[in-house]
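Visitor:
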Amino acid sequence: MNDKVNKIKADLQHFCGTEMFFKIPLTGTRFTDGLKYLANEAECFWLITDVSVIAKSLSNRSSFITIDFKRLSEKEQFEKQCEAIINYSDGNDKIFETHRYNVTDFPLDELRLFFVDNTLMLPSEY
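First residue of the sequence shown: 1, per UniProt numbering; consecutive thereafter.
1) Using the Cα positions of Q13 and S59, report the straight-line distance between them to the nearest angstrom.
2) Can you tell me where the beta strand (DSSP E) with I86 in it begins and where it stops?
3) Have a look at the DSSP bridge pairing and note the partners of D68.
4) First and last residue of the beta strand (DSSP E) that includes Y101?
5) Just to check my reading of the structure: L122 and I67 have Cβ atoms closer than 8 Å, yes? What is that Cβ distance to the nearest angstrom?
6) So, for F15: in the same chain, excluding its five sequence neighbours on each side, which residues have a beta-carbon less than 8 Å away from its beta-carbon?
7) Under 8 Å Cβ to Cβ from I8, same chain only, skipping five residues before and after it: list those, please.
8) Using only alpha-carbon positions, find the residue among S63, L47, I54, I48 that is nearest to N92.
9) Return yes when the Cβ of E83 is within less than 7 Å of the Cβ of T98, no when it is not.
10) Cutting at 6 Å between CB atoms, please list the residues of its own chain near V51, excluding the five before and the five after it.
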């Protein structure tokens with residue numbers, strides 16, 4: 001598993017901009033090559049869909065939304081009674097919402113995404 005995580009992290013570093021946009025049928029949200037790669041390699045289409053729905057619902061509060069996934073330490077998991085959280089913010093420490101995930105199979109410990117103009121992307125693709 002650790003080799004897979006390291007490969008995904010290393011490969012994500014190479015995405016800059018995007019050549020093609022993909023669309024989530026449920027929401028109409030576009031997403032980039034980097035997120036397509038992540039969804040395939042990490043088997044996390046659920047994550048792309050989840051964050052799309054929530055970010056889209058927050059777009060009336062900010063035109064730029066950061067999405068920060070964080071797997072909690074064992075101590076934090078015990079305290080917060082969940083395995084991971086996702087914070088949705090304006091990128092300037094103003095958190096709009098926090099969502100808790102009791103269990104997750106997402107392989108990375110942390111991930112930041114941007115949601116701008118109905119498009120979900122990696123920061124390097126902004």
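We put the CB at the ideal spot given by N, CA and C, even for glycine.
Guide: Let's see:
1) 27 Å
2) 84-89
3) N87, R112
4) 95-101
5) Incorrect: roughly 11 Å between the Cβ atoms, too far for contact.
6) Apart from the 5 residues on each side of it in sequence, F15 sits with its Cβ closer than 8 Å to the Cβ of T32, D33, G34, Y37, L122, S124, E125 in its chain, given in chain order.
7) L38, E41, A42, P107, L108
8) S63
9) no
10) Taken in chain order, the residues that qualify are I67.
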